[in-house]
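S.K.: Below you'll find the structure I mean.
Protein chains: 2
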Amino acid sequence: MPTIHDVAERAGVSPITVSRVINSSGPVSEKTRARVEAAIAEMNYVPNQLAQGLRSKRIKILGLLVTDITNPFFTTIARGAEDVASEAGYSVVFCNTDESVEKERKYLQLLVQQQVAGILLVPARSEPAAIDFVQSHNVQVVVLDRQVPGIEVDAVRCDSVGGAHQLVSHLLELGHRRIALLNGPHGVSTADDRLAGYEHAMHEFGIHDYSDLVYSGSFSFVSGYQMAQQVLATKPMPTALFAANNFIANGALNALHEHNLSVPDDMAMVCFDELPASMASFPVLTTIAQPAYALGQEAARLLIARLSGEAPGQRQEIILPTTLIVRASRTSLLDRNDLCRLSEGAGMIQT
Amino acid sequence: MPTIHDVAERAGVSPITVSRVINSSGPVSEKTRARVEAAIAEMNYVPNQLAQGLRSKRIKILGLLVTDITNPFFTTIARGAEDVASEAGYSVVFCNTDESVEKERKYLQLLVQQQVAGILLVPARSEPAAIDFVQSHNVQVVVLDRQVPGIEVDAVRCDSVGGAHQLVSHLLELGHRRIALLNGPHGVSTADDRLAGYEHAMHEFGIHDYSDLVYSGSFSFVSGYQMAQQVLATKPMPTALFAANNFIANGALNALHEHNLSVPDDMAMVCFDELPASMASFPVLTTIAQPAYALGQEAARLLIARLSGEAPGQRQEIILPTTLIVRASRTSLLDRNDLCRLSEGAGMIQT
DNA sequence: CTGTTAGCGCGTTCAG
DNA sequence: CTGAACGCGCTAACAG
Chain A
1 MPTIHDVAER AGVSPITVSR VINSSGPVSE KTRARVEAAI AEMNYVPNQL AQGLRSKRIK
61 ILGLLVTDIT NPFFTTIARG AEDVASEAGY SVVFCNTDES VEKERKYLQL LVQQQVAGIL
121 LVPARSEPAA IDFVQSHNVQ VVVLDRQVPG IEVDAVRCDS VGGAHQLVSH LLELGHRRIA
181 LLNGPHGVST ADDRLAGYEH AMHEFGIHDY SDLVYSGSFS FVSGYQMAQQ VLATKPMPTA
241 LFAANNFIAN GALNALHEHN LSVPDDMAMV CFDELPASMA SFPVLTTIAQ PAYALGQEAA
301 RLLIARLSGE APGQRQEIIL PTTLIVRASR TSLLDRNDLC RLSEGAGMIQ T
Chain B
352 MPTIHDVAER AGVSPITVSR VINSSGPVSE KTRARVEAAI AEMNYVPNQL AQGLRSKRIK
412 ILGLLVTDIT NPFFTTIARG AEDVASEAGY SVVFCNTDES VEKERKYLQL LVQQQVAGIL
472 LVPARSEPAA IDFVQSHNVQ VVVLDRQVPG IEVDAVRCDS VGGAHQLVSH LLELGHRRIA
532 LLNGPHGVST ADDRLAGYEH AMHEFGIHDY SDLVYSGSFS FVSGYQMAQQ VLATKPMPTA
592 LFAANNFIAN GALNALHEHN LSVPDDMAMV CFDELPASMA SFPVLTTIAQ PAYALGQEAA
652 RLLIARLSGE APGQRQEIIL PTTLIVRASR TSLLDRNDLC RLSEGAGMIQ T
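Printed below as a string of structure tokens:
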């Protein structure tokens, strides 16, 4: 692997001249520039970013910590962030914290060691420790998706309280009163906020006794399945379920299926967040859609702006709007039949 | 940010002694070790991996190039690779090539510049240029998911030919003869291989005239939709569709839906690869399931083994088995009704 | 067991 | 317009 020195030798100049050609960081005559560029091309030379970074104190890499890249919501965020980052010459390393503070700490440590330029963080908990750590090492950080109160930090997210409020209000307006919330873990802001939105809507309808309707688990398929099983064992059963994310919803749907309960005939159901169109064969649940791709983009933009000193001095808080998607048409009997036929299809004919 | 020098000063030793403590790379007396460790803790010191990398020539980061991290198949691969990598102290940067040779080249260049230790590559095309480039810079590479013939390189993938053969044979045995293939792009090995498997199965049943049944697009939702539209405009229509991946299948399902055609009553359909259980509300298509997570794990393991010099000298080629999943039960009338009710559910009651 | 010297590849500082 | 010297933070290689 040739170094700047090798190129310099070949071009008959000094290393610094080569450096100037590469970075346009100083005046170079046309003639020497041409010679240098020729040498670069011939030797297949690429500058060593580690060495560059050692001087500049930062390598052009961003860290992205999400709970689980397997969740389409975070995947889409990741894609948005990566597109913006690569446009600006940054790479993105991704880390899965699985909601574990332990893993989060380990990864942040690693990223700091690697001198990444900045970090996009979906914090495992609402406590400031993780962010303090990063900031204490002078690494820029933007908090994604979740809130961490009482700390000065840039943040990009959606309005979970408002979204949950919309979903639950929707159910209430349709006449539901016993609405069970299948939530994520306590201490995770999106879960806490969705609970807050739920409570707010319930209160508006004069309902104050819902403590037996609030379930708390994790944002996973299995947890959704388990919480739904619990719900189905209660009497009287709720008439509606509010799943706090897409995985929970799916787990719950499977549990309902096992009990031969249909949505919405036997049980109504809404969900915060949904699958991208390219995956969901037939979206059926009324949902709050979050602009995940834009979330990733905005977070990366903000971070990169900070890094290049373009961002305003003060901390920024960007809240992107959510959209309530009512799948009303899908419940007309006609459409229901269509859906039925379509979604059942197995890849074979009856013999 | 303290350096090894600062720590040394504080502990009253030389930098190299600190280095020895950190890396256990030399003998240090218990007493000095304790002093050094105390200093490290007090100063919140973390070694600079850039500086380490500058000496060792490599930073502990792996590059992962996939076509689109948004595709659950690649997401799951990524997760598998990341889990293994982090276990070994490596970070993973991910890049989306969108099947573009151009983007692939750009990313590889960037990764080489960054002195990543190794690269996991889902090649955009079956040509060796990209791999040649990486290898010429002495960076280890493992090819994932796809084949690149005529080049000496480690590879981990599934058997696309065999899987496609199974799927198509399945349809043929059920009596289908006019089976349309909605394929990915020419020149992408998985697409070419799935075509080969299709042809093989067709030939076995004495069918040699199928050229009008083979469609080629891209591995995307939109392309699946478009190809299906074309298929539906032909007369006589095929009786079965073979979607070469999950996105194509979904696009095709949507097109069928628009035409009020149901699967499998009006059209049979099978698909190579499928959604993870946590996303697919109701898997309905007969599919070839690929062990995506294991694919990512194996690729990362192989790469890391190479990096630590543990791998055998010769190139490795790991082919993981696929599984044919026949969703037969789903087509019984009873189950069909269940499914129908379940999948149609919208989050509300009828008013 | 510990320290000194030197250099990884690059870019800033200061001189030509 | 071009170059020499120095140092970023760390660690082999070689003393002591």
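Protein sequence lines, in the order shown, are assigned to chains A and B. Just so you know, the first sequence maps onto residues 1 to 351 in my numbering. Just so you know, the second sequence maps onto residues 352 to 702 in my numbering. Don't be surprised by glycine CBs; every beta carbon is placed ideally from N, CA and C.
#1: Could you tell me whether the Cβ of R306 of chain A comes closer than 8 angstroms to any Cβ of chain B?
#2: Looking only at its chain, what residues have a beta carbon closer than 6 angstroms to the beta carbon of Q517 of chain B, apart from the 5 residues adjacent to it on each side?
#3: Below 7 angstroms on C-beta distance, what does L461 of chain B contact in chain A?
#4: In chain B, what lies closer than 9 angstroms to H137 of chain A by C-beta?
#5: Whole angstroms is fine: what's the gap from A38 of chain A's alpha carbon to P479 of chain B's?
#6: For R508 of chain B, is the classification buried or exposed, using 16 other Cβ atoms within 10 angstroms of its Cβ as the cut-off for buried?
#7: Between N422 of chain B and V139 of chain A, what straight-line distance do the alpha-carbon atoms span, to the nearest angstrom?
#8: Per DSSP, what are the beta-bridge partners of N96 of chain A in this structure?
#9: Would you decide whether G12 of chain A is buried or exposed? Buried here means 16 or more other CB atoms lie within 10 Å of its CB.
#10: Suppose you measure from the CA of V153 of chain A to the CA of V369 of chain B; what does that come to, to the nearest Å?
#11: Using a Cβ-Cβ distance cut-off of 8 angstroms, determine whether I61 of chain A contacts chain B.
#12: With contact counted as at least three CB pairs below 8 angstroms, one residue from each stretch, are the stretch 139-150 of chain A and the stretch 106-125 of chain A in contact?
#13: For a contact meaning CB atoms closer than 7 angstroms, what does M630 of chain B contact in chain A?
#14: Out of B:V463, B:S376 and B:A392, state which residue places its alpha-carbon closest to the alpha-carbon of V492 of chain B.
#15: Leaving out the 5 sequence neighbours to the left and right, which residues in its chain are closer than 8 angstroms to R177 of chain A when beta-carbon positions are compared?
#16: Taking just the CA atoms, how far does L607 of chain B sit from A631 of chain B?
#17: On a CA-only basis, which of B:L401, B:T427, B:G377 and B:G440 is nearest Q114 of chain A? Give me that one, please.
#18: Note the first and the last residue of the continuous beta strand (DSSP E) segment covering F242 of chain A.
#19: On the three-state DSSP scale, how would you describe K31 of chain A?
#20: Could you spell out where the beta strand (DSSP E) holding V565 of chain B opens and where it closes?
#21: Taking Cβ-Cβ distances shorter than 8 angstroms, what residues in chain A pair up with G404 of chain B?
#22: In whole angstroms, what separates the C-alpha of S442 of chain B from that of E9 of chain A?
#23: Could you check whether the Cβ of T97 of chain A sits closer than 8 angstroms to any Cβ belonging to chain B?
#24: In terms of alpha-carbon separation, which member of A:T322, A:D212, A:V326 and A:E317 lies closest to I151 of chain A?
#25: Let me know the secondary structure DSSP gives S477 of chain B once reduced to three states.
#26: In three-state terms, what does DSSP make of N250 of chain A?
#27: Please report whether the beta-carbon of R341 of chain A lies at a distance below 8 angstroms from any beta-carbon of chain B.
#28: Please name the residue in B:L592, B:F623, B:N596 and B:L626 whose C-alpha comes closest to that of S613 of chain B.
#29: How big is the Cα-Cα spacing for Q290 of chain A and A552 of chain B?
#30: Consider the Cβ of T426 of chain B: report whether some Cβ of chain A lies at a distance smaller than 8 angstroms.
#31: May I ask you to list the residues that DSSP assigns as paired with G469 of chain B?
#32: Under three-state DSSP, which class holds L167 of chain A?
#33: Here's the rule: buried if 16 or more other CB atoms are within 10 angstroms of the residue's CB, otherwise exposed. What is I16 of chain A?
#34: Compile a chain-ordered list of the residues in the stretch 469-493 of chain B whose CB is closer than 8 angstroms to at least one CB of chain A.
#35: At the 8 angstroms Cβ level, is A78 of chain A part of the contact set with chain B, yes or no?
#36: Can you list, in chain order, the stretches of the alpha helix (DSSP H) that have 4 or more residues and sit fully within the stretch 535-569 of chain B?
M.R.: Let me lay it out:
#1: no
#2: L675
#3: S91
#4: By Cβ distance, chain B contributes M352, N395 and V397.
#5: Pairing A38 of chain A with P479 of chain B, the inter-Cα distance amounts to about 25 angstroms.
#6: buried
#7: Taking the straight line from one Cα to the other gives about 31 angstroms.
#8: A:V66
#9: exposed
#10: 34 angstroms
#11: Yes - at least one Cβ of chain B is within 8 angstroms of the one on I61 of chain A.
#12: yes
#13: Per Cβ cutoff of 7 angstroms: P72, N250, L275 and M279.
#14: B:V463
#15: Around R177 of chain A: F205, I207 and T239.
#16: 19 angstroms
#17: B:L401
#18: A240 to A243
#19: helix
#20: V565 to S567
#21: L50
#22: S442 of chain B and E9 of chain A have their alpha carbons spaced roughly 35 angstroms apart.
#23: no
#24: A:E317
#25: Assigned with DSSP and collapsed to three states, S477 of chain B falls in coil, not helix or strand.
#26: helix
#27: Only weak support is given to the placement of R341 of chain A: the predicted model assigns it a pLDDT of 32, under 50, and the value that follows is read from those uncertain coordinates. So yes, R341 of chain A belongs to the interface.
#28: B:L592
#29: Here the C-alpha atom of Q290 of chain A lies approximately 44 angstroms from the C-alpha atom of A552 of chain B.
#30: yes
#31: B:L413 and B:Q491
#32: helix
#33: exposed
#34: From the stretch 469-493 of chain B, only S487, H488 and N489 have a Cβ closer than 8 angstroms to chain A.
#35: Yes, contact with chain B.
#36: 540-555
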